[in-house]
Amino acid sequence: MLERTAASLESCSLQRLLSRSGRSPRQRCRQLHTGFWQHGASAFEIASLWPLPIRPAVDPPSAADPPSRPLQSGLVASAFLLDFLYPSGTRALLCRLNPMLWRPRDGGSSGPTARKRCFTSSRVAAEPYTPKPLRDDVGKAGEQGEGEGSTVQADVSTDSSALADLLSRPDEGRHLDVWDLYRSLDASQQASLRRPVALYLSSSDGIVEVGRASSLFHQIPIESWDDETQTAAVLTMMRSNNADIAINWFKTGLEKLGLTGGLEYVVANAIANQQWPALLNVWSDYSAVHGAGDTAAATTESRLLHLGKIPDLGKLYLSFERYIEQEGSGPVRAMNLYSNSKRNLRTLRWKMAEECLKQDCDPKIAAVIMDLWNDQKLCEQYMLCMLDQRARGLEPRGGLAILSNLYKRYRTSHKVKPPVSLLRGMLQLHCPVNLAGMELIYRDWHRAWGDLDQWAYEKYLRFYSHTGDAATVRYLWARYVARYPDVLKDPSAFRSTMTVYAHTGDAVRAEQELRGMMNKYGVMPDIEIWNTLLKCHSRTGDDASALQCLEEIRRIASPNSSTYAHLMAMAAKRGDLRSVLGYFDQAQSENVVLSPAMALALVSAYCHNDRLVAAEKICREVSGRKSAGTAAWNQLLFANGAQGNLDKFYDLLQAMKTFGLDWDHKTYQALLQALVKVNQIHTAFHLLRSAYHDNLFPVGTDHFEVVLAGVVRSGETDLLPGILSLMRQGNLPVTFNAQVTLLEVAAKNAPTSERTRNMARELIELLRSLIPPANSTHSHEGLRHGTPPPHVVGDRVKLKTQTQAIDRAVMVLMKLRQYRIAEELVSVYAELFPEYKGGLFPPKVAGALMLGCLQDDKVSKTIAMWHQTLETAVARYKHPSDGAVFPVHWYELCRPMNVVTKAYKQVEDGPGLVKCVERVVSADFKLTRSNWNLIVRCLSEMGQWESAMDWCEKMLMPDWRGWNTHAGNGRERRSMRNSRLLKASSNTVFTLQKEWLNMRKLAAWSGEVSQKLKVVEQDHPRLFHGFITNHFKYLPAAWVVRESTSMNQAIREMLRPMSFKELRAISKALVYQLRIAPTKRMIRSVMSPFHKATGIHHEMVLTKAFTYQELKLLEVELRNRMRDMAQPGPRRGDPAYDQGPAFGPKPEAGGPPTGPAFGPKPDADGSPPEPGEDEDEDEP
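Mapped onto the UniProt record's numbering, the consecutive letters of the sequence shown carry residue numbers 1 to 1180.
Here it is in C-alpha cells:
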C-alpha cells in the first residue's frame, strides 16, 4: 500500500483522487523538485514486479534501431523508496526479481549498519542508469513444455559464464553479484565453483560477505584445501570473531596436509590479544612440522610480514619477552628442548623485534629492544629507518637525540662497517650542535671507507668555516681539492675558505682569498662569493666597505636574498630598525624573495627596540608563507623570556608547533632562561635532568650554564651537586662561564680558602684556551688515519658568548681582592679581543674594575674611569648620522653607573652626580630600575632633594603601584623580574618623604618655604599622592599648624589651601588617631601626623602633637571644610578650587567627592595597608 501510494505521488497522479477546479491540472498540480525524489529513486517501475497479463512476445529491437530513452530515476517510483521498511532477507529476493536493480560493488562494509541505502542521490549520481535486458521470471505463463526447459537451461549456462567472468576480475569487488549468480546455479555447478566463490567473498570484510564465505568454507572438505584456501578460511573466521575455529582449522590443515596458510593471522591475533600460551602452542605445532631447512626459514619469514600491521607492537613485544623470561616451564621449556623449535622461536622473536623497529616505535622501547638483542644489523636498520623519517619531515630533530647513544653502541664492534647512508644521516643529525658526534663520524668514515666522500668534505668544511677554525679549514680544503681536483673549476669550492674569515672578522685575509681565486686558479667569483665578502664586512661592522661591496655586486649581477640578508643582519645586530626596514624595502622593490635569514633580521631589529608585538606579527605572517625558520622564533622567545613574560612564552611555543616548526636546542635554552628569570629554578632543573635522561633534545654546556647561573642567583645552592653530576655523566667540560658561577659560590661560602684561590687561577687558563693559535698547522701524519683535527673556535660571536661572564669574573675577583689575578684575566681578555686593548674595555668590564678601585677608596680614579668609559661608549655606540645610541646598547652603562653613584655618594658630591646623570640621559642611554632608585636615594641624602624628586616623578612614579607592594597576581610579580620596568621602591619614596616632612615643619614658620613646598607638590603629583597615602604611623608631623591664641582659626588656615584629596587623607589619619589614643589627655608624638609648632631651636622647628581636645577641634573644622567643598558651585577666592586636587579628577558638581585616582585600597578599619619594600633587581 505504501509503495503504491508513493508511486502515485511521484507520478503526480494523486490529482485523480481530488475534485477538479477551474484551473488546469498544470496550474493546480505542483511539480516536486527532481532532487526531492532522487533520495530514494530507482530505475524501474513497481508495476514491473506485479503479475502481468499474457501477451505475445515482442521481437527485440534491432541494432539499427535507436536506443530507447532510459527512464528518469528522479520521476519514477522506486520499489526501495521505503527500503528501510523491508527486512534484510527480502533484498536479495527483490534483486532476483529485477536484474535492473543497482547492486552494490563495494564489499568493504563492516556490518549491516555500515551499508548505504541502495537508491540514494549519491548512488544515482555515481552510477548512471544503463538498461539491461530483463529476465522475465514471473511472466510468459503460456510458454510451457520444451520451450521452458530450454530457456531455463540457457539461463543457467549464462549465469555460469557470467559468474566465471566476475571471478576472473577479483579487484572489482562485486560480491553481491557473485553471490546472486552463484545461488542461481544448480547443485553440481555450485559444487564446482564453491571454492573460487568462497575465495572471492573472503576478500571482503563486510559482515554479509564474511558470513557467506564462512558457510561456503564449512561445505568444502579440509582434505581438498591448499595453502590459499586455508589462508582465506582462517582470515574469514578471524573476521567473524571465531578465533577458536580458525585455530582448529589451521592445526587440522597443518597436521593432516602440512599446510601453513593463515599462520600470520593466527599469530597476529594471539599477539594483539596477548594470548601468549596460545601463541606458543601454535608456534610449537608449526615448528614440529616446519622446523628444519632453509626453505622452512624463508617460509617463516614471509609468513610473519603481517606482524607490522599490529598497532603498538613494541609494547606487546616487550610483554611477550617478559612472559618468556618468567615462564621457565610449559610451552617455553618444550620449545627450547629441540634445536629446530628453539630456532623457530628465536625467528618469531627476531621478526617481532624487527617489525617493532620498522613501525617507528618509541625510541625508549627501541633502545630496550636493541639492548635485548645486541645485534648490529638490527640497530643499523632502526637508525636508517628513523633517519629516513627525519629526512621526510615525519620525525622532529629532538626526537632523534637517542640515536647518538645508539650509534655509540653500534660502533663498538670492530667488525661493523657503517654504510655511507648511515654515516651521512648521523653527520646531518649531529651537525652543528654535537661536535663529539661529528668527530666520531669522522673517525668511522675513515676506518670504514678510507676517506671522506665529496659530500662529507663539503659538510665538514661548512661546519669548521662557520665556527671560525681557519687552520682546520685550510687542512681539509687541501685534502678536498687534492682528491677532487675538478671542483677547482667551480667558485663554490672557495666558499668555505672565505666564510671562515668572515666569521673570524678578518676582512684582509678574505680579500686575499678572493684575489687568489681569480689570479691563481683563474676562477671568477659568482654572487655567492661576493655575498661571503659582504658578510665579512658586515660582521666587522664596516658599513662603508659593506656598501662598496654591494655596489660591486650590483655591477656584476642583481642582489639576491643572501645579499640583503647580510645587510639587514648588519643593521639588526645594533638594533637599527630604520636601516633594516630600508634594506627590506629595497629588496621588495627589486622583487627579491623573502628568505628566513631576512625574516630573522626583521624580528631581531624589532626585539632590540622592545617592539615585541610587531615582532610576533612578523613571525606569524612569514611562517604562514613558509619563509621563517626556527631561528626567528627563538629570537622572539629570548626577548619575551628576558622580560619575564612566561605566559606569552608558552603561547609562542604552541604557535611554533602550529606552523610545523621544530624546537631546537636554542628553543630549549630560551625556555630555561625564561624559567630562571622568573625564579622557577626547580622547574628548570627538572627540565634539564629530564632532557638528559630521556633525550628530549641535545643537551649542551650552554643549557647547564643557564641553570647554574640561576641557581647561584636565587640561592638554591643545594641543586649544584645534581647539576655537576649530570655534567660529568655527559662528559661535558666546565666552561669559563660555568667556572665563574662556581667561583661566586666559593667566594660566598669560603672566601679565604685555598680552594677558592685555585678556582680563581683556573679562570685564566680557561680563558687562555679560547685564544685561537696565530699560525697553527696540523700534522698530516697525525691526521692521515682518521684522527679529527683539534677544534678551535674562532668565530667572534661564539667567543663573546663563551666569555659573557667576564664582568662577573672580574667583580668576584675584586671582592676577593685578588687584584693580580683580575689584572691578568683582563689582559688575556684583551688578547682574545684586540679591539679592547689600551684600556678601552666594554662598559660592563670597566664597571667591575671601577668597583675594585672604589673598594680601595680610590674615588678619584673611579670617577676618572667612569668619564673614560662614558666617552668611549658614546663614541662607539652612537649612530653616525643622528647621534642616537643604537637600541641594542641602551643599557650598556647600567653596571658602571651603580659604581659611580656610590663613588659620588662617598664624597658627598651631589651636584657632580646630577651632572653625571644628565650626561647619561642626554646621550640617549637608559638605566634600569635599580639604577634610578639608587640615584634618587643618594641625591636625596646629599641635599639634592628637588632633583631627586624630579627624576623620581619622571622615571619611577608612572608605573608605581602604591604602598601595597605585595599585591598582584603571579603574572604581575613575574613581570617585575624585568629590571627595565621602572618603578619606585618603597625605600626610595620613604627617603623623599622624610625631606618632605621636614619642609612641612618649616612651612609653618616660613612663607617662602610654604610657597616652595606648594610648588613642589604641584609639580610632583604622583609623589605627593604617595606621601599622603602612606600609613599614618609613617607620617609624623605631616600637618603642622602655627601656635595661636585661636586654635580653630589656625586649623582653618591650614586646611584652606589643601585639595580635597589631601583632606580625605587627613580624615583617614584623624579617625585612626582618635581610635588609638590611650587616654583623652595624652597623644604619643611619634605616632601623630598632626602637630603644632612651638618654636625654633638651632634652625630646627620644634613641634608638639595635638591633644585629644585639639584633635576633636580638627575633626569639626575638617568636616565643615569638606562639606563646603562638596557643595555645588565654585567658590571664588578659594585656592582649593583654583588649584584642584593634587592628583586625580575634581569632585563632580552636585555629587559625592571622588576618591584618590590611584593607590591602595584602605583596610577594613579605614587605614591603608602596611608599606612594603621592593627588592633590588638584577642588571640586564
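Cβ atoms here follow ideal geometry from the backbone N, Cα and C, with glycine treated the same way.
How many Å lie between residue i and residue j at the Cα?
i	j	result
Leu724	Ala984	39 Å
Pro104	Leu387	Any reading at Pro104 must be qualified, since the residue scores a pLDDT of 44, below 50, and its modelled position is unreliable; the value itself is stated next. Their backbone Cα atoms lie some 44 Å apart in a straight line.
Met957	His1020	9 Å
Thr113	Arg409	Summary for Thr113: the model assigns pLDDT 37, below 50, so the residue's position carries little reliability; its value from the coordinates is reported in the next sentence. Roughly 53 Å separates the two Cα atoms.
Tyr484	Arg390	30 Å
Ala232	Asn242	14 Å
Gln635	Ala544	28 Å
Lys342	Glu223	30 Å
Cys894	Lys837	22 Å
Leu313	Ala471	51 Å
Trp663	Leu600	16 Å
Leu534	Arg974	42 Å
Met352	Cys536	55 Å
Glu831	Val917	33 Å
Of the choices the options, whose alpha-carbon is the least far from that of residue i?
i	options	result
Glu1017	Ala272, Trp945 and Val523	Trp945
Thr862	Asn898, Ser827 and Gly883	Asn898
Met955	Trp932, His218, Lys878 and Asp718	Trp932
Ser860	Gly173, Ala366 and Glu908	Glu908
Ser1010	Lys994, Arg796, Thr1029 and Trp1039	Trp1039
Ala614	Arg1064, Gly641, Leu577 and Ala746	Leu577
Leu163	Arg174, Leu181 and Gly173	Leu181
Ile1028	His791, Leu992, Cys916 and Arg239	Leu992
Met383	Met426, His414, Val368 and Lys415	Met426
Pro733	Pro721, Asp702, Leu719 and Lys748	Asp702
Pro751	Gln454, Thr869 and Gln818	Gln818
Would you mind reading off the limits of the alpha helix (DSSP H) that contains residue i?
i	result
Trp996	Ser986 to Ala1003
Val289	Trp276 to Val289
Thr229	Asp227 to Arg239
Met568	Ser561 to Ala572
Tyr583	Leu577 to Ser589
Asp371	Pro363 to Trp373
Gly308	Unbroken run through Gly308: none, as it is neither H nor E.
Pro896	Cys894 to Gln906
Gln855	Pro843 to Gln855
Gln669	His665 to Lys677
Would residue i and residue j be called neighbours here (beta carbons separated by less than 8 Å)?
i	j	result
Met1125	Phe1060	yes
Leu767	Met814	no
Phe841	Glu892	no
residue 1189	Ser404	Here the chain comprises residues numbered 1 to 1180, so residue 1189 is not present and cannot be evaluated.
Ala1088	Ala1065	Checking the sequence, you will find Ser at residue 1088 rather than Ala. Contact: no.
Leu939	Val920	no
Leu400	Leu440	no
Got a sec, what are the start and stop residues for the beta strand (DSSP E) residue i sits in?
i	result
Arg1042	Trp1039 to Arg1042
Residues in the same chain with beta-carbon distance under 6 Å from residue i, minus the five sequence neighbours each way, listed in chain order, please.
i	result
His686	none
Tyr583	Tyr564, Leu567 and Met568
Ser604	Ala572 and Gln635
Phe659	Ser623
Gly261	Asp227, Gln230 and Thr231
Ala738	Glu705 and Leu708
I'd like the list of long-range same chain contacts for residue i, defined as Cβ closer than 8 Å, with 5 residues on each side in sequence excluded.
i	result
Asp490	Val523
Leu1070	Phe1090, Leu1111, Leu1114, Glu1115 and Leu1118
Val178	Leu163, Leu166, Leu167, Val197, Tyr200 and Leu201
Arg1022	Glu953, Met957, Pro958, Trp960 and Phe1143
Suppose the cutoff is 7 Å on Cβ atoms and the five residues either side in sequence are ignored; what does the same chain contact list for residue i look like?
i	result
Gly943	Gly910
Trp866	Met850, Pro896 and Val900
Gln219	Arg194
Glu824	Ile764
Gly1159	Note that Gly1159 has pLDDT 34, beneath the 50 cutoff, so the model's placement of it is unreliable and the number below is only indicative. Here the set comprises Gly962, His1025 and Thr1029.
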